[in-house]
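Chains as they are written, first to last, in the UniProt record's numbering: chain A, 1 to 349; chain B, 1 to 349.
For glycine and all other residues, C-beta sits at the position ideal for the given N, C-alpha and C.
These figures come from a predicted structure and were not determined experimentally.
Input: a single structure, listed below in structure tokens.
2 protein chains.
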Amino acid sequence: MPTINDVAEAAGVSASTVSYVLSGKRSISAATRARVERAIEQLGYRPHAGARALASSRTNVLALMVPLRQSADVNVIMDFVGAVATRARRHDHDVLLLTQDETTGLERVTGGSLVDALIVMDIELDDPRVDVLARLGRPTVLIGVPRDPRGLSCVDFDFGGAVGTAVEHLAALGHRGIGFVGSSPDAVARRAGYAVRVRDGFRAAVAAAGVAGAMSPVEASLPGARAALAAVRAEVPDLTGLVVHNEGALPSVLAVLAEEGTRVPQDVSVVSIEAADASQHLPGRPTSIDLPSLEVGTAAVDMVMARLEGSVAPETRLVPATLTDRGTTAPPRRGGRAGTRRVSPSRRR
Amino acid sequence: MPTINDVAEAAGVSASTVSYVLSGKRSISAATRARVERAIEQLGYRPHAGARALASSRTNVLALMVPLRQSADVNVIMDFVGAVATRARRHDHDVLLLTQDETTGLERVTGGSLVDALIVMDIELDDPRVDVLARLGRPTVLIGVPRDPRGLSCVDFDFGGAVGTAVEHLAALGHRGIGFVGSSPDAVARRAGYAVRVRDGFRAAVAAAGVAGAMSPVEASLPGARAALAAVRAEVPDLTGLVVHNEGALPSVLAVLAEEGTRVPQDVSVVSIEAADASQHLPGRPTSIDLPSLEVGTAAVDMVMARLEGSVAPETRLVPATLTDRGTTAPPRRGGRAGTRRVSPSRRR
DNA sequence: CTGAAAGCGCTAACAC
DNA sequence: GTGTTAGCGCTTTCAG
């Protein structure tokens, strides 16, 4: 591998000039620059990352801590990881992968000066890693909003806004009784982060729209779906709108409606809150609020880079979701010829 | 951050002694070692990765190139990535993430001495990256076996063995007519790597068992499944055994059998070849040959490390799959009380 | 607009 | 068993 000195010699300049050509940190005459660039080209020169890191205290690598086991939706994670990797390259950075189960990973890579920024996924409401990260004092972005971010920046889906949009959409169509079936009880218990925001968002939206609302968790199974539907209907008897925030349980919910003979959207309108990108093109999906995993990943990188470049204030950014109408919502009851498509009962995911 | 000199001073030794305590590359008296270790502990010392890389030409980082877009099974990829990351740590290495779409990534990270070994997923039969990798001259392991590995090591599932095991299992039960429905036509066309091995494996196994066999590709849809079944039955009229190598199409195949009134396993025995770990615990899965993504990831790391440590010969390792009986195979026709469970028609995945 | 030179923190001969 | 020292390849003052 050629070194910066080889390049300097080939170009007939000093090593520092080559360095400055590369970094652009001082002005270089066009002629010199051309000679240097040509030498770099010819020799196939690449700066040695370690040497550069040693001299500059910048590694141009950012760490991404990913939940690998058991975790929620693999598609979302992959989309997200892809977005981070892609965006990081645009900031001239590479991505070092850290896994959840290696608890000391964060200390190791920062202490060892392997990376100069951190993005940590899947932050829970009282995540113990937040303390660690705050102590490390590196530019950090949390995916998910903990109770106390301790001066760190956060990004997440705007769950509150998403459920609000869903409710508003249904209310605008004329629905007066709206049910929400959400995460499994365990999920809620485990990392109530978004669950809280969803709950508050639903309550606020229902109140603002002046409609009746009821919430229930739901397990991803037919009995689970039956129970959840029964629960919200018990509370709101004239329920005609349904917001589902549980991709796993969605098929069961639709299957239960079908087996009851409840037509969608003629009898009940359905809006699903789910990850964008994942299985985006599958036929037969309901109207949905799409959570933009890609945009969250991109935002996370931009935010962490901003802090690296010296931006001072930590920020919390909630990326809005948008509604995609796929014909599973319509005005309630006798509302003329309502939606177009109807949900086929035996659909699979 | 404390440096090695701080540690040396605190311990009352020279910097090189600290270095040798850390590397174990020469013997140190117990007393000295204890003092050094205590100083390291107290100061919270971590060697600077860049400095170490510069001095030793070893980064302790390996690059993993992952297919991010469109790719086959996300679950498999995640399992695999997890296995690589975990195993790499046991070799005291970290993992740098490279994505498929950044074509120059491999040159960049090797040229820049960012990593000292490479694992590249999703290698196709005539993958252009193989040439590049061979030229780079770093320890490399390919996931997937190209037509010409050009001196690089490869790991992959033993697809040939997997289909062989499936056929043998069915033949041993007494089946004399066995069908194989496999990847979608496009997949086969695109990266015929494993498709070829599957085909040859099936042919060989069928011949060895002395039974009749027929193969067909299959699309992941009900019409696709019908067509594939018709195709293999046309060739083997008394077909009683079915091997499915297409996780996406499996539900459709089972649904078609159910709608025909064909009982599993009484009328037809079914074996699926699919990724292990992914949705391992879902109920209602058929007897399967499980492709061990986790083991392939682990093997990939071990192999690349072996080459880093100086092992000379490149090797190609095919990780065997094992059969898990879930009661969807039984002796054909009047064969007494056959399998136990039966496949429910409306199952989802 | 360009060079010379002093490190960055560590490893690995080379000494004893 | 331990210390001394010369780099590894780059960035960045300091000088001109």
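So with Cβ pairs under 8 angstroms, would you call residue i a contact of chain A?
| i | result |
| --- | --- |
| glycine 111 (chain B) | yes |
| leucine 254 (chain B) | no |
| threonine 86 (chain B) | yes |
| leucine 54 (chain B) | yes |
| alanine 49 (chain B) | yes |
| residue 350 (chain B) | No answer is possible for residue 350 (chain B): it lies beyond the span of chain B, which begins at 1 and ends at 349. |
| arginine 89 (chain B) | yes |
| arginine 46 (chain B) | yes |
| threonine 59 (chain B) | yes |
| threonine 340 (chain B) | Residue placement at threonine 340 (chain B) is poorly supported in this model, since its pLDDT is 35, which falls under 50; the coordinates still yield a value, given next. Not one chain A Cβ lies under 8 angstroms of threonine 340 (chain B). |
At least one CB of chain B closer than 8 angstroms to the CB of residue i: is that the case?
| i | result |
| --- | --- |
| valine 95 (chain A) | yes |
| leucine 22 (chain A) | no |
| glutamate 102 (chain A) | yes |
| alanine 220 (chain A) | no |
| valine 343 (chain A) | With a pLDDT of 38 at valine 343 (chain A), under the threshold of 50, the predicted position of this residue should be treated as unreliable, and no value is reported. |
| glycine 248 (chain A) | no |
Just to check my reading of the structure: residue i and residue j have Cβ atoms closer than 8 angstroms, yes? What is that Cβ distance to the nearest angstrom?
| i | j | result |
| --- | --- | --- |
| aspartate 200 (chain B) | glycine 144 (chain B) | With 8 angstroms as the limit, aspartate 200 (chain B) and glycine 144 (chain B) do not qualify as a contact, their Cβ atoms being about 16 angstroms apart. |
| alanine 166 (chain A) | valine 243 (chain A) | 5 angstroms |
| serine 269 (chain B) | threonine 329 (chain B) | 4 angstroms |
| leucine 133 (chain A) | leucine 152 (chain A) | 6 angstroms |
| valine 81 (chain A) | valine 301 (chain A) | Going by Cβ atoms, the distance from valine 81 (chain A) to valine 301 (chain A) rounds to 11 angstroms, so no, they are not a contact pair. |
| histidine 169 (chain A) | valine 271 (chain A) | 6 angstroms |
| glycine 111 (chain A) | methionine 1 (chain B) | 7 angstroms |
| alanine 117 (chain A) | arginine 150 (chain A) | The Cβ separation is near 17 angstroms, so there is no contact. |
| glycine 182 (chain A) | valine 198 (chain A) | 6 angstroms |
| threonine 287 (chain A) | leucine 323 (chain A) | 7 angstroms |
| valine 109 (chain B) | leucine 96 (chain A) | Contact flag wrong, Cβ pair sits at about 11 angstroms. |
| aspartate 158 (chain A) | proline 146 (chain A) | Not really, about 16 angstroms apart at Cβ, beyond 8 angstroms. |
Name, please, each residue of chain B whose Cβ falls closer than 9 angstroms to the Cβ of residue i.
| i | result |
| --- | --- |
| isoleucine 77 (chain A) | Val74, Met78 |
Below 8 angstroms on C-beta distance, what does residue i contact in chain A?
| i | result |
| --- | --- |
| methionine 1 (chain B) | Gly111, Ser113 |
Self-check item: beta strand (DSSP E) runs wholly inside the region 39-72 of chain A, at least 3 long, in chain order
Solution: Taken in chain order, the unbroken stretches of beta strand (DSSP E) that lie wholly in the region 39-72 of chain A and span 3 residues or more are 61-66.
Quiz item: Taking one C-beta from the region 57-71 of chain B and one from the region 121-129 of chain A each time, how about it: are there three or more such pairs within less than 8 angstroms?
Solution: no
Quiz item: Counting pairs of Cβ atoms below 8 angstroms between the region 25-40 of chain B and the region 25-39 of chain A, do you hit three or more?
Solution: Judged by pairs of C-beta atoms under 8 angstroms, the region 25-40 of chain B does not touch the region 25-39 of chain A, as fewer than three such pairs exist.
Quiz item: How about the region 212-229 of chain A and the region 246-265 of chain A: do they share at least three Cβ pairs that are nearer than 8 angstroms?
Solution: yes
Quiz item: Could you give the uninterrupted runs of the alpha helix (DSSP H) lying entirely in the region 91-151 of chain A, keeping only those of 4 residues or more?
Solution: 105-111, 129-136
Quiz item: Mind pulling the beta strand (DSSP E) runs of 3 or more residues that sit fully within the region 253-336 of chain B?
Solution: List check, beta strand (DSSP E) in window: 269-275, 287-291, 316-319, 322-324.
Self-check item: Cβ contact (3+ pairs, closer than 8 angstroms) linking the region 10-29 of chain B and the region 13-32 of chain A
Solution: no
Practice problem: Give a yes or no on contact between the region 313-325 of chain B and the region 254-262 of chain B, applying the rule of three or more CB pairs nearer than 8 angstroms. | Solution: No, the region 313-325 of chain B is not in contact with the region 254-262 of chain B.
Self-check item: Runs of alpha helix (DSSP H) lying entirely within the region 190-237 of chain B, each at least 4 residues, in chain order
Solution: 192-209, 222-235
Quiz item: What runs of the beta strand (DSSP E), each 3 residues or longer, lie entirely inside the region 154-187 of chain A?
Solution: 177-182
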